[in-house]
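Peer 1: For the sequence shown, the positions run 1 to 126 when the working numbering is used.
By construction, the Cβ of each residue, glycine as well, lies at the ideal position given by its N, Cα and C atoms.
These figures come from a predicted structure and were not determined experimentally.
For reference, the structure I am asking about is given below.
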Amino acid sequence: MDCKPRTIYLDRLIITDPTTQIQILTRCPDTIVSHVNKHFQTLGQSAHKLESIPIYKSIANIPSRFKDIYCHISHISSNTYDSVLLPITIDELTETISSLPITKPLAFQALHTKTSSTYIMISSNL
Numbered sequence: 001m002d003c004k005p006r007t008i009y010l011d012r013l014i015i016t017d018p019t020t021q022i023q024i025l026t027r028c029p030d031t032i033v034s035h036v037n038k039h040f041q042t043l044g045q046s047a048h049k050l051e052s053i054p055i056y057k058s059i060a061n062i063p064s065r066f067k068d069i070y071c072h073i074s075h076i077s078s079n080t081y082d083s084v085l086l087p088i089t090i091d092e093l094t095e096t097i098s099s100l101p102i103t104k105p106l107a108f109q110a111l112h113t114k115t116s117s118t119y120i121m122i123s124s125n126l
């Protein structure tokens with residue numbers, strides 16, 4: 001959690017004009033942002049290559065070596081996820097918080113649960 005995100009700052013970019021194939025050096029931030037976004041959206045490939053990638057509408061159409069990956073798994077028991085779908089009890093919450101390392105004080109923190117809009121106030125002296 002102490003890792004800082006790595007960032008690359010581009011202040012110049014060489015752009016190849018698609019019609020003339022001439023390379024141009026630009027320092028315009030808007031142009032750089034536009035080209036970098038396009039690069040990552042197309043994964044560095046040309047739009048023509050991306051258009052040639054087939055779009056599969058059915059599992060029956062995908063190559064056979066991938067079918068088992070994308071087919072519905074029918075052998076999963078219906079109660080496999082029951083334990084994770086149960087509401088969290090106050091005992092579980094207390095036990096989990098009590099087992100946390102004491103390197104950072106909890107003080108009073110508001111925890112928002114996704115299943116409800118209630119806030120739980122937790123004291124650091126549990």
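Kindly indicate the opening and closing residues of the alpha helix (DSSP H) around Thr16.
Peer 2: Per DSSP, Thr16 belongs to no alpha helix (DSSP H); it is in the beta strand (DSSP E), 13-16.
Peer 1: Where are the alpha helix (DSSP H) runs, 4 residues long or more, that stay fully inside the stretch 62-95, in chain order?
Peer 2: Listed in chain order, the complete alpha helix (DSSP H) runs (minimum 4 residues) inside the stretch 62-95 are 64-70, 82-85.
Peer 1: Over what stretch of residues does the alpha helix (DSSP H) that includes Leu50 continue unbroken?
Peer 2: Taken as a continuous stretch (DSSP letters only), the alpha helix (DSSP H) holding Leu50 covers 47-51.
Peer 1: Check whether the Cβ atoms of Leu50 and Ile32 lie closer than 8 Å to each other.
Peer 2: No, Cβ-Cβ distance for Leu50 and Ile32 is not below 8 Å.
Peer 1: Assess, as a yes-or-no matter, whether the stretch 9-24 is touched by the stretch 32-48 under the definition of 3 or more beta carbon pairs within less than 8 Å.
Peer 2: Yes, they touch.
Peer 1: Classify Pro41 as helix, strand or coil using the three-state DSSP reduction.
Peer 2: With the sequence shown as reference, residue 41 is identified as Gln, and Pro is not the correct amino acid for it. In the structure shown, Gln41 sits in a helix (DSSP, three-state: H, G or I).
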